[in-house]
Amino acid sequence: MRHWWILLIVMFAAAACQPTPTPVLPTLAQFAEATTSSAPDMPTDTVTSVPSAETAASSATTTPTPLPNATLTRTPTVIPQQPRATLPPSVTPTPNIAASTTARIEQAPRFSTLTPNPIVPTTTPQVAADVVITEAQFQQALNIRLADMPSIQSAIVDFTTESIVIGLTASGGDALISSNVVISVQVANGVAFITISDIQLNAPEPPPLYLQVITTDLYPAVIDTMDGILRERLGGITNLENIVLTGSAMNITLLVPASIATP
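Straight run, no breaks: the sequence shown in the working numbering ends on number 362.
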């Protein structure tokens, strides 16, 4: 074979033309898909609407505590039980031992016989008694009654021709408040009408606590002072006839049993 080398060339050429076998790659492992579990439902906050301050204020029903009206009308109003036109019987009045002889003479009532006496067999003879209470005497007696009232710092008495004016300094809550309390005194048909007619102070109206001090502490003390002085001087059986105020004294006329005027 002379042309053996040609055959080799052809064989190499044929081998070169064969396609290169595709190498077998390792199979990729297929992982299971991750199952995404849904997150548990979180509790949902329930938003409760809160009423605003204005809504609460408008919806809230406020019932104000009724307070006594300090400024009273001039129309006479009977004060229940205070003062009493006919005083109930009492024990024999205890004389004021500390009073001097001059003071006893000044405070002694002046008696006068009524003419004519009513012709009634069962009627007890009566005489008229005039009692004079000076401004200083009233002030002293009032101070004794106010001594145990810490709500009142001071109460200065001033008589006028129509009323008793008391310069009051008392507790109004956080601070002391001063005013002039006007107490009118009127008599009709043997009945005394003693009322708070005005409260004069530098404010639109008195605070509730201050007003309470006037109506529950000062006013009853004024009535008790007048009643106590009459009981001390005349005893418990009296019938009021008239009260006249001057700038310095209170002149009171009463009917009393004639036995009181007998020495």
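For each residue, glycine too, the CB sits at the ideal point set by N, CA and C.
T314 - DSSP class collapsed to helix/strand/coil: If you number the sequence shown from 1, residue 314 lands on position 215. T314: helix per DSSP, three-state reduction.
Beta-carbon proximity list for I255, same chain, < 7 Å, skipping 5 on both sides: Here residue 255 refers to the residue found at position 156 of the sequence shown. Annotation for I255: I265 and G266 place their beta carbon closer than 7 Å to its own, counting only its chain and skipping 5 residues before and after.
Euclidean distance between Cα positions of L310 and V286: By one-based count along the sequence shown, residue 310 stands at place 211. By one-based count along the sequence shown, residue 286 stands at place 187. Between L310 and V286, the alpha-carbon positions lie close to 26 Å from each other.
Exposed unless 16 or more other CB atoms sit within 10 angstroms - verdict on T225: By 1-based counting over the sequence shown, the position of residue 225 is 126. For clarity, residue 225 is Gln in the given sequence; the question names Thr instead. Counting Cβ neighbours within 10 Å, Q225 comes out buried, since at least 16 surround it.
L317 versus V281 - alpha carbon distance: As a first step, residue 317 must be located in the sequence shown, where it is residue number 218. As a first step, residue 281 must be located in the sequence shown, where it is residue number 182. About 11 Å.
Cβ shell of A320 (< 7 Å), same chain only, five flanking positions each side left out: The count along the sequence shown starts at 1 and reaches residue 320 at position 221. So the list reads L241, R244 and L245, once near-sequence residues are dropped.
Nonlocal neighbours in the same chain, by C-beta distance under 8 Å from L275, ignoring five residues either side: Position 176 of the sequence shown, counted from the first residue, corresponds to residue 275. Cβ within range, chain order: Q252, T268 and A269.
Residue from T315, T260 and I328 whose Cα sits closest to the Cα of M248: Translated into positions along the sequence shown, residue 248 becomes position 149. Here the closest residue by C-alpha is T315.
G272 beta carbon near the ligand PLP (any heavy atom closer than 7 Å): No copy of the ligand PLP appears in this structure; indeed no ligand is present at all.
Closest residue to D257 among L344, I351 and L353 (Cα-Cα distance): Indexing the sequence shown from 1 puts residue 257 at position 158. Per the Cα distances, L344.
S262 versus A302 - alpha carbon distance: In the sequence shown, the residue the question calls residue 262 occupies position 163. In the sequence shown, the residue the question calls residue 302 occupies position 203. If I take the Cα positions, the gap works out to 22 Å.
Rounded separation between L353 and V230 - CA only: Translated into the one-based positions of the sequence shown, residue 353 becomes position 254. Translated into the one-based positions of the sequence shown, residue 230 becomes position 131. The alpha-carbon atoms of L353 and V230 are separated by roughly 8 Å.
Where D273 falls: helix, strand or coil (DSSP): As a first step, residue 273 is located in the sequence shown; it is residue number 174 there, counting from the start. When secondary structure is reduced to three states using DSSP, D273 falls in the coil class, being assigned neither helix nor strand.
Check whether E234 and G289 have beta carbons under 8 Å apart: Along the sequence shown, read from residue 1 onward, the residue named residue 234 stands at position 135. Along the sequence shown, read from residue 1 onward, the residue named residue 289 stands at position 190. Not in contact: E234 and G289 (Cβ atoms no closer than 8 Å).
Short Cβ contact (8 Å threshold) for L329 with G272: Here the question's residue 329 lines up with position 230 in the sequence shown. Here the question's residue 272 lines up with position 173 in the sequence shown. Cβ distance not < 8 Å, so L329 and G272 don't count as in contact.
Sub-8 Å separation of S278 and P305 beta-carbons: Counted from its first residue, the sequence shown places residue 278 at position 179. Counted from its first residue, the sequence shown places residue 305 at position 206. Remark: C-beta atoms of S278 and P305 approach each other more closely than 8 Å.
Beta-ladder partner(s) of P356, from DSSP: Locating residue 356 in the sequence shown gives position 257, where the first residue counts as 1. Answer is Q225.
Under the three-state DSSP convention, the category I247 falls into: The residue you call residue 247 lines up with position 148 of the sequence shown. A quick correction: the sequence has Asp, not Ile, at residue 247. In the structure shown, D247 sits in coil (DSSP, three-state: anything other than H, G, I, E or B).
Beta-carbon proximity check, I295 vs I313, cutoff 8 Å: What you label residue 295 is simply residue 196 of the sequence shown in a count that begins at 1. What you label residue 313 is simply residue 214 of the sequence shown in a count that begins at 1. Yes, the pair counts as a contact, with Cβ atoms nearer than the cut-off.
Beta-ladder partner(s) of S283, from DSSP: Position 184 of the sequence shown, counted from the first residue, corresponds to residue 283. Answer is S262 and T294, bridged to S283.
Spatial distance of A228 from I351 (CA atoms): Along the sequence shown, read from residue 1 onward, the residue named residue 228 stands at position 129. Along the sequence shown, read from residue 1 onward, the residue named residue 351 stands at position 252. Roughly 8 Å between the two C-alpha positions.
Selected residue, minimal CA-CA separation from I342, among D326, G334 and E331: Walking along the sequence shown from the start, residue 342 turns up at place 243. Ranked by how close their Cα comes to the Cα of I342, the residues D326, G334 and E331 have D326 in first place.
Coil, strand or helix - E304 by DSSP: What you label residue 304 is simply residue 205 of the sequence shown in a count that begins at 1. Secondary structure of E304 (DSSP, three-state): coil.
Short Cβ contact (8 Å threshold) for G346 with T259: Numbered from its first residue, the sequence shown carries residue 346 at position 247. Numbered from its first residue, the sequence shown carries residue 259 at position 160. Against a cut-off of 8 Å, the Cβ pair of T259 and G346 comes out as a contact.
Reduced DSSP category for N350 - H, G, I as helix; E, B as strand; rest coil: Taking the sequence shown and counting its residues from 1, the one referred to as residue 350 is at position 251. Reduced to three states, the DSSP call for N350 is strand.
Distance between A348 and Q236 (C-alpha atoms, nearest Å): Translated into positions along the sequence shown, residue 236 becomes position 137. Translated into positions along the sequence shown, residue 348 becomes position 249. Between Q236 and A348, the C-alpha separation is close to 9 Å.
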